[in-house]
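In what follows, a structure is listed as structure tokens, so that the remarks can point back to it.
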Amino acid sequence: MKRRELILGAGAAGIAATSKLKAQTKKTFKWKMVTTWPPNFPGLGTGAIRMAKSIEKASAGRIKIKIFGAGELVPAFEVFDYVSSGGAEMGHGAAYYWRGKTEATQIFTALPFGLNAMEMNGWLYYGGGLELYRELYDTFNLRPFPCGNSGCQMGGWFKKEINSVADLKGLKMRIPGFGGEVLRRNGGTPVAMPGGEIFTALQTGTIDAAEWIGPYNDLTFGMHKVAKNYYYPGWHEGGPTLECIVNKDAYSELPEDLKAIVDIAASATNDTMLAEFMARNAFALQQIKAMEDIKISPFPKDVMRAFKKSTQEIINEIARRDERFAKVYKSYSDYKNTVEQWTKISEYALLKNRYE
Ligand code: CA
């Protein structure tokens with residue numbers, strides 16, 4: 103009798119578990135993804151689209167994601183709030199766009215003269231960065247994922263040559279976040295605007311200079327048609343991490359296997375986007391180099407020195423007034439001090455020897 107009850111009990115539990123699994127595997131989720139990128143924008147936008155498609159495919163259609171470019175559902179700079187409030191379940195953009203919410207967000211994208219893409223990934227995945235990222239976004243009902251990296255960017259397109267810090271005086275430049283503050287300290291006026299507005303602003307003279315990404319995307323925007331001086335390096339964005347944000351309630355409704363699919367798709371996108379930028383930037387640079395009216399130059403040394411000095415001053419000021427920034431920055435800078443000792447005798451030494 104006892105044995106029979108046991109078998110029946112186990113059978114019932116088994117049936118219950120199977121039907122629960124069946125119900126879960128039948129349930130489909132219709133998500134919306136809003137992005138800060140122009141619709142179908144090469145690299146950033148298409149990377150986000152690729153991620154959404156791979157989630158649909160890997161989940162056999164149990165998660166369907168409808169994608170909206172900037173302005174199609176909400177403007178670029180409203181993505182964070184919209185996903186936070188549940189208007190869309192998912193978003194793709196860059197954390198430093200949200201520095202108005204809390205200053206620490208910018209550290210998860212890039213700090214001037216900071217970590218490169220490889221080093222950022224090391225910090226985020228194995229150096230405590232991701233835990234801090236999740237902790238910070240938790241207060242906004244969001245789960246963030248590192249989701250792409252453009253690699254080192256370019257310094258931007260300038261209508262006039264920059265030969266010294268004095269040439270920055272009165273310069274109106276599209277440069278978001280931290281880099282913009284550095285420019286301001288050195289006499290310029292930073293302007294924040296989404297990518298889609300840059301070309302017209304530069305063409306009409308609303309701005310005198312603009313940084314966007316690198317050769318691949320800059321060429322697509324036609325920046326070379328409206329400014330002729332192209333400066334490097336992207337001192338302000340040496341390896342900016344892009345992000346995918348998921349509304350926490352939407353994420354918690356997913357069964358474990360679908361959560362895993364979202365997690366894996368985001369981390370795969372983090373890798374493939376960097377690979378795409380590396381190759382396509384190189385191909386596009388060849389095209390730009392072939393244009394006779396474009397001058398590609400390094401920033402003058404005194405400009406870089408001045409920018410570096412301002413960067414540290416700004417970091418210290420924010421850290422003094424903002425506890426959350428101070429906490430994240432401590433983790434970032436402790437890691438940076440450690441990792442750069444390795445970078446110096448590995449990547450840096452290799453590249454130095456390659457060109458000397
Ligand atoms: Ca940029």
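Under the working numbering, think of the first position of the sequence shown as 103, with each following residue one higher.
Don't be surprised by glycine CBs; every beta carbon is placed ideally from N, CA and C.
- A Cβ-Cβ separation of about 11 Å leaves K261 out of contact with D269 under the 8 Å criterion.
- In this structure the stretch 317-331 touches the stretch 384-395; the number of beta carbon pairs closer than 8 Å is three or more.
- In the three-state reduction of the DSSP assignment, T207 falls in the helix class.
- Going by C-alpha positions, W133 is about 15 Å away from L244.
- In this structure, the CA atom of T413 is about 6 Å from the CA atom of V284.
- For I363, the closest alpha carbon among the candidates Q255, T148, A162 and L234 is that of A162.
- Between Y199 and F179, the gap from beta carbon to beta carbon is short of 9 Å.
- Using a Cβ distance threshold of 9 Å, M275 and I309 count as a contacting pair.
- Between ligand 1 and H326, a heavy atom-to-CB distance of less than 8 Å is absent.
- In the structure shown, E174 falls within a coil segment according to DSSP collapsed to helix, strand and coil.
- When only Cα atoms are considered, I417 and D436 end up about 14 Å apart.
- For ligand 1, a non-hydrogen atom lies closer than 8 Å to the CB of H338.
- Distance from A196 to P342 at the Cβ level is roughly 6 Å; contact confirmed, criterion being Cβ atoms closer than 8 Å.
- Shown here for N288: same chain residues with a beta carbon closer than 8 Å to its own, the five before and five after excluded, namely V267, L270, V405, A408, F409 and S412 in chain order.
- Within the same chain, and ignoring the five residues on either side of V185 in sequence, the residues whose Cβ sits closer than 6 Å to its Cβ are G193, I347 and N349.
- Contact check between the stretch 316-323 and the stretch 229-241: fewer than three CB pairs, one atom from each, fall below 8 Å, which does not count as touching.
- Distance from the Cα of G230 is smallest, within the candidate group F210, A219 and C249, for F210.
- The C-alpha of L344 is placed about 8 Å away from the C-alpha of N372.
- Counting C-beta atoms within 10 angstroms of its own C-beta, E355 has fewer than 16 neighbours from the protein chains shown and is therefore classed as exposed.
- With a threshold of 8 Å, the Cβ atom of Q255 counts as near ligand 1, since some heavy atom of the ligand is closer than that.
- In the pairwise beta carbon analysis, the stretch 141-158 is classified as touching the stretch 373-389: at least three pairs are separated by under 8 Å.
- Inside the stretch 387-444, DSSP marks whole beta strand (DSSP E) runs of 3 or more residues at positions 397-400, from first to last along the chain.
- When C-alpha distances from L234 are compared across L452, T445 and R426, the shortest belongs to R426.
- Proximity to G171 across G188, P144 and S448 peaks at P144, based on C-alpha coordinates.
- Less than 9 Å separates the beta-carbon of P402 from that of I264.
- Excluding sequence positions up to five before and after A368, its CB lies within less than 8 Å of the CB of M153, F247, P248, C249 and C346, all in the same chain and listed in chain order.
- Boundaries of the beta strand (DSSP E) harbouring R276: K274 to R276, taken from the DSSP string.
- Between the C-alpha atoms of E174 and A311 there is a straight-line separation of about 27 Å.
- Here A329 carries a coil assignment [DSSP, helix/strand/coil].
- Between M375 and S252, the C-beta spacing is below 9 Å.
- Residue G257 holds the alpha-carbon nearest to the alpha-carbon of P400 among G257, I277 and V441.
- Beta-bridge analysis with DSSP links W259 to A312 and Y332.
- Taking non-hydrogen atoms of ligand 1 into account, the C-beta of W200 is found less than 8 Å away from none of them.
- Beta-bridge partners of T343 (DSSP): N251.
- For P342, the CB falls within less than 8 Å of some heavy atom of ligand 1.
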